[in-house]
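Step one of this worksheet: look at the structure below.
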Amino acid sequence: MNITRFIQYLNKTKGWNLQGAYYTTIDQWRDWWQGWYSPFHCIKETGLDGSLCTREMYRLKMPKRACEDWASLLLNDKTTVTVEDASSARWLLGEDDQQTGGQLGRMEFWPNANALVELAFRSGTGAFVLSVEALTVQGGKAIPSPEAQLCVDYLPAECILPLTIRHGKIIEAAFASEVTISGNSCIYLQTHRLIQGQYRITNEYFTSRDEDSESASYESAPLPAGMAASFSTGSSVPWFSTFSPNIVKTDTKGPGLGMSVFAEALDQAKQCDLAFDNYCRDIFLGGKKVFYGRNLLQTRVDKEGKLHYVTPDSLRQQLFMHTSGSDPDTEPEWHEYNPDLRVEQNSRAVQDALDYFSFKCGLGAHHYQFTNTGVKTATEYTGGRQDMVQHANRHQIKIEAALLQVFRSMLWIGQNLLGAAVNPETPITINFDDSYITDAQTRRAQDKDDALSGFIPKYRYNMEWRGMSEEDARAAVQEASEESNAGTELLTFGEGDA
Numbered sequence: 386m387n388i389t390r391f392i393q394y395l396n397k398t399k400g401w402n403l404q405g406a407y408y409t410t411i412d413q414w415r416d417w418w419q420g421w422y423s424p425f426h427c428i429k430e431t432g433l434d435g436s437l438c439t440r441e442m443y444r445l446k447m448p449k450r451a452c453e454d455w456a457s458l459l460l461n462d463k464t465t466v467t468v469e470d471a472s473s474a475r476w477l478l479g480e481d482d483q484q485t486g487g488q489l490g491r492m493e494f495w496p497n498a499n500a501l502v503e504l505a506f507r508s509g510t511g512a513f514v515l516s517v518e519a520l521t522v523q524g525g526k527a528i529p530s531p532e533a534q535l536c537v538d539y540l541p542a543e544c545i546l547p548l549t550i551r552h553g554k555i556i557e558a559a560f561a562s563e564v565t566i567s568g569n570s571c572i573y574l575q576t577h578r579l580i581q582g583q584y585r586i587t588n589e590y591f592t593s594r595d596e597d598s599e600s601a602s603y604e605s606a607p608l609p610a611g612m613a614a615s616f617s618t619g620s621s622v623p624w625f626s627t628f629s630p631n632i633v634k635t636d637t638k639g640p641g642l643g644m645s646v647f648a649e650a651l652d653q654a655k656q657c658d659l660a661f662d663n664y665c666r667d668i669f670l671g672g673k674k675v676f677y678g679r680n681l682l683q684t685r686v687d688k689e690g691k692l693h694y695v696t697p698d699s700l701r702q703q704l705f706m707h708t709s710g711s712d713p714d715t716e717p718e719w720h721e722y723n724p725d726l727r728v729e730q731n732s733r734a735v736q737d738a739l740d741y742f743s744f745k746c747g748l749g750a751h752h753y754q755f756t757n758t759g760v761k762t763a764t765e766y767t768g769g770r771q772d773m774v775q776h777a778n779r780h781q782i783k784i785e786a787a788l789l790q791v792f793r794s795m796l797w798i799g800q801n802l803l804g805a806a807v808n809p810e811t812p813i814t815i816n817f818d819d820s821y822i823t824d825a826q827t828r829r830a831q832d833k834d835d836a837l838s839g840f841i842p843k844y845r846y847n848m849e850w851r852g853m854s855e856e857d858a859r860a861a862v863q864e865a866s867e868e869s870n871a872g873t874e875l876l877t878f879g880e881g882d883a
């Protein structure tokens, strides 16, 4: 999908005035994330015969690694959700303490959300977009559909078209994504408009032709069976939620969209690839070379009468030979050359480039280290990563807001359209993994000691470390207390016993 050309088509047919220039920048970030930005990574060289040839630069592909690392830090398998209402918790998270069931488990929400964080940090923005399959629509309005199923799409910035922005927040948006229906590739456009306090969602499908040329054209395509062309949700609760890396964008274009986490580190990404390319080229060109005098070579003439020189080792003969009658004082007829691989200098250059790159991406100046500097204490480790810790806490603000919004929207859909006994207003807490600051086992042991000492309620420990709702956590503490008291009575002598 060529989003820039599709935006031109939408501006023309729908009367919108969306800016397509910023999506060109997003495409460049995607090229760097994929590890191939042609204007930089395609090297032109002149051969011995004067002809121009090209080669691919050896690449470290660090922009993708930076996005992967941020996704692993911010949203991973240790991230949990605490939902105070027990019924809502069971519907959303499932029955088990691992939170692998419920609606989130069925939709494989967490692995997809982790991938979305990587895509958002690559493209500058990510969106959770909710939909309901087999939804019943009457009179242009969605009505309760107990047999319907909740679904989530996870879209990067090139699929997000902000339509209305208020106070820096996207209120209305269109989402364009490429889908495949019965072997045919189509563009799916879903538009969310807030009309008289209620969201109206419109679904459209398009086919494209010659998208990469100036003559690109688009035509409307039929919707899949069972999909409503348009309907009102009956509420002001949005069915989408967006987030961006929590950094201020330096480009004034693309209102409502964020900036890639490595947008200000492209020079450092180039430095990484240049240093690594130089390292690889030194190794590639560093093989032993032996220079022969022509009189050491045998000759042969091919069928076309061309003369060819054959080195001694090609004839499986002794490579180094002393010819009879040679003068030892004259220039030797051969000499050996062993190029310097410059391993230490190249390694230092690569490490310096990695340090600059990780610093510019907010991961700290020494996030990528290939030198053995010994074991660090926890204080040294945490102190050396203050940049990363501070930026992680900053990024979590926006991710937390997006997760809270999408979970509340899920609960609203569950209550009003799917017939689930849930409460959309129940308190929800996102528990991020912060083991990169303090070891998880250490924090768990400290919380346990605090609970046993009475510094924090015991049910809070169950909510934090076992993922229980407040109701289940209190019940577990009460049950444990009753069992403990019963055991004490059995072990205690009654009155009058000696």
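Count along the sequence shown from 1, add 385, and you get the number used in my numbering. Think of the CB as a built atom: it goes at the ideal place given N, C-alpha and C, for glycine as much as any other residue. All of these numbers come straight from a predicted model, not from anything done at the bench.
- Tell me whether N461 sits in a helix, a strand or coil according to DSSP, three-state version. Within the sequence shown, the letter at position 76 stands for residue 461. The answer is coil: DSSP assigns N461 none of H, G, I, E or B.
- Message: Do M447 and F669 have their beta-carbon atoms positioned less than 7 Å apart in this structure?
- Response: Within the sequence shown, the letter at position 284 stands for residue 669. Within the sequence shown, the letter at position 62 stands for residue 447. At the C-beta level, F669 and M447 stay beyond 7 Å of one another.
- Query: Rounded to whole angstroms, how far is the Cβ of R585 from the Cβ of S615, which I believe are closer than 8 Å?
  - Reply: Within the sequence shown, the letter at position 200 stands for residue 585. Within the sequence shown, the letter at position 230 stands for residue 615. Contact flag correct, Cβ pair sits at about 6 Å.
- Reduced DSSP category for L520 - H, G, I as helix; E, B as strand; rest coil: To locate residue 520, count along the sequence shown from 1; it is residue 135. Of the three classes helix, strand and coil, the one that applies to L520 here is coil, per DSSP.
- Which two residues bound the contiguous alpha helix (DSSP H) that contains S508? Position 123 of the sequence shown, counting from 1, holds the residue named residue 508. Judged by DSSP secondary structure, S508 falls within the alpha helix (DSSP H) whose first and last residues are 494 to 508.
- Task: Answer yes or no: do G643 and T510 have a C-beta to C-beta separation smaller than 7 Å?
- Result: Indexing the sequence shown from 1 puts residue 643 at position 258. Indexing the sequence shown from 1 puts residue 510 at position 125. The answer is yes: Cβ separation under 7 Å.
- With 16 as the cutoff for other CB atoms within 10 Å, does Q523 come out buried or exposed? By one-based count along the sequence shown, residue 523 stands at place 138. When all chains shown are included, Q523 counts as exposed.
- Message: On the CB-based measure, 16 or more other CB atoms within 10 Å of its CB, does C452 come out buried or exposed?
- Response: Numbered from 1 along the sequence shown, position 67 holds the residue referred to as residue 452. By the Cβ-count criterion, C452 is buried, with 16 or more other Cβ atoms from all chains shown falling within 10 Å of its own Cβ.
- Item | Alpha-carbon spacing of D470 relative to L459, whole angstroms | Here the question's residue 470 lines up with position 85 in the sequence shown. Here the question's residue 459 lines up with position 74 in the sequence shown. Between D470 and L459, the C-alpha separation is close to 25 Å.
- Message: Classify W401: buried if its beta carbon has 16 or more other beta carbons within 10 angstroms, exposed otherwise.
- Response: Taking the first residue of the sequence shown as 1, we reach residue 401 at position 16. Burial call: exposed.
- Taking C-beta to C-beta, are V468 and I798 nearer than 7 Å? Taking the first residue of the sequence shown as position 1, residue 468 is located at position 83. Taking the first residue of the sequence shown as position 1, residue 798 is located at position 413. Not a contact, by the Cβ cut-off of 7 Å.
- Task: Say whether the region 723 to 739 touches the region 654 to 669, bearing in mind that this needs 3 or more beta-carbon pairs closer than 8 Å, one atom from each stretch.
- Result: The region 723 to 739 is in contact with the region 654 to 669.
- Could you tell me if H693 is buried or exposed, where buried requires 16 or more neighbouring beta carbons within 10 angstroms of its beta carbon? On the sequence shown, position 308 is the one that residue 693 refers to. Counting other Cβ atoms within 10 Å of its Cβ, H693 stays below 16 and is therefore classed as exposed.
- Which residues bound the alpha helix (DSSP H) around F391? What you label residue 391 is simply residue 6 of the sequence shown in a count that begins at 1. Taken as a continuous stretch (DSSP letters only), the alpha helix (DSSP H) holding F391 covers 388 to 399.
- Query: When DSSP labels each residue in this structure, what does T811 get in the three-state scheme?
  - Reply: Taking the sequence shown and counting its residues from 1, the one referred to as residue 811 is at position 426. T811: coil per DSSP, three-state reduction.
- Limits of the alpha helix (DSSP H) - the one that A738 falls within: On the sequence shown, residue 738 is found 353 positions in, with the first residue counted as 1. Its alpha helix (DSSP H) spans residues 728 to 745.
- Express the C-alpha separation of Y539 and L504 in angstroms, rounding to a whole number. The sequence position of residue 504 within the sequence shown is 119, counting from 1. The sequence position of residue 539 within the sequence shown is 154, counting from 1. Between the alpha carbons of L504 and Y539 lies a gap of roughly 9 Å.
- Mind reading off the beta-carbon distance from A738 to Q831? Whole number of angstroms is fine, and I expect it under 8 Å. What you label residue 738 is simply residue 353 of the sequence shown in a count that begins at 1. What you label residue 831 is simply residue 446 of the sequence shown in a count that begins at 1. No, A738 and Q831 are not in contact; Cβ-Cβ is about 39 Å, not under 8 Å.
- Item | Rounded straight-line distance, which links the Cα of Y573 to that of E599 | One-based indexing of the sequence shown puts residue 599 at position 214. One-based indexing of the sequence shown puts residue 573 at position 188. Cα to Cα, E599 sits roughly 22 Å from Y573.
- Query: In angstroms, rounded to a whole number, what distance separates the CA positions of C914 and F661?
  - Reply: What the structure shows of the chain is the stretch from 386 to 883, and residue 914 is not part of that stretch, so it cannot be assessed.
- Query: Cα separation between N663 and K429?
  - Reply: Translated into positions along the sequence shown, residue 663 becomes position 278. Translated into positions along the sequence shown, residue 429 becomes position 44. Distance between N663 and K429, taken at the CA atoms: about 15 Å.
- Could you please give the first and the last residue of the uninterrupted alpha helix (DSSP H) stretch that includes L796? Along the sequence shown, one-based indexing puts residue 796 at 411. Annotation for L796: the continuous alpha helix (DSSP H) segment containing it runs 771 to 801.
- Sequence-distant residues of the same chain with beta carbon closer than 7 Å to T409, five excluded per side: Within the sequence shown, numbered from 1, the residue matching residue 409 stands at position 24. Hits under 7 Å: T389.
- Task: Determine the direct distance from the alpha carbon of R845 to that of T635, and round the result to whole angstroms.
- Result: As a first step, residue 635 must be located in the sequence shown, where it is residue number 250. As a first step, residue 845 must be located in the sequence shown, where it is residue number 460. Near 42 Å, if we compare the C-alpha coordinates of R845 and T635.
- Message: By the three-class DSSP mapping on this structure, what secondary structure does P424 have?
- Response: Reading the sequence shown from its first residue, position 39 is the one you call residue 424. Reduced to three states, the DSSP call for P424 is helix.
- Task: To the nearest angstrom, report how far apart F628 and A601 are at their CA atoms.
- Result: Here residue 628 corresponds to residue number 243 of the sequence shown, with the count starting at 1. Here residue 601 corresponds to residue number 216 of the sequence shown, with the count starting at 1. Approximately 31 Å between the Cα atoms of the pair.
- Task: Measure the CB-CB distance between Q404 and K638 and report whether it falls below 7 Å.
- Result: For the purposes of this step, residue 404 is taken as the residue at position 19 of the sequence shown. For the purposes of this step, residue 638 is taken as the residue at position 253 of the sequence shown. The Cβ-Cβ distance between Q404 and K638 falls below 7 Å.
- What distance in whole Å lies between the Cβ atoms of M492 and V537, which are believed to be in contact at a cut-off of 8 Å? Within the sequence shown, residue 537 is the residue found at index 152, counting from 1. Within the sequence shown, residue 492 is the residue found at index 107, counting from 1. The Cβ separation is near 6 Å, so the contact holds.
- Task: Kindly give me the distance between the Cβ atoms of C544 and F560, rounded to whole angstroms, as I take these residues to be in contact under 8 Å.
- Result: Reading the sequence shown from its first residue, position 159 is the one you call residue 544. Reading the sequence shown from its first residue, position 175 is the one you call residue 560. A Cβ-Cβ distance of about 6 Å is found for the pair C544 and F560, placing them in contact under the 8 Å criterion.
- Message: Can you find the residues in the same chain that come closer than 8 Å, C-beta to C-beta, to Y422, ignoring five residues on each side of it along the sequence?
- Response: For the purposes of this step, residue 422 is identified with residue 37 of the sequence shown, where counting begins at 1. Counting only Cβ-Cβ distances below 8 Å, and skipping sequence neighbours, we find Q413, D416.
- Query: Quick one: is C746 buried, meaning 16 or more other Cβ sit within 10 Å of its Cβ, or exposed?
  - Reply: Locating residue 746 in the sequence shown gives position 361, where the first residue counts as 1. C746 comes out buried.
- Item | For Y407, the three-state DSSP class (helix, strand or coil) | Residue numbering aside, residue 407 sits at position 22 when the sequence shown is read from its first letter. Collapsing the DSSP output to three states places Y407 in a helix.
- Cβ neighbours of M853 in the same chain (closer than 6 Å, five flanking residues each side left out): Counted from its first residue, the sequence shown places residue 853 at position 468. So the qualifying residues of the chain are N847.
- Given a cut-off of 7 Å, decide if L501 and W624 are closer than it, judged by their beta-carbon atoms. Locating residue 624 in the sequence shown gives position 239, counting from the first residue. Locating residue 501 in the sequence shown gives position 116, counting from the first residue. The Cβ-Cβ distance between W624 and L501 does not fall below 7 Å.
- Nearest to K843 (by Cα), restricted to the options R859, R829, R828: As a first step, residue 843 is located in the sequence shown; it is residue number 458 there, counting from the start. Checking every option, the nearest Cα to that of K843 belongs to R859.
- Task: Please classify L788: is it buried, with 16 or more other beta-carbons within 10 angstroms of its beta-carbon, or exposed?
- Result: To locate residue 788, count along the sequence shown from 1; it is residue 403. The residue in question, L788, is buried, as its Cβ has 16 or more Cβ neighbours within 10 Å.
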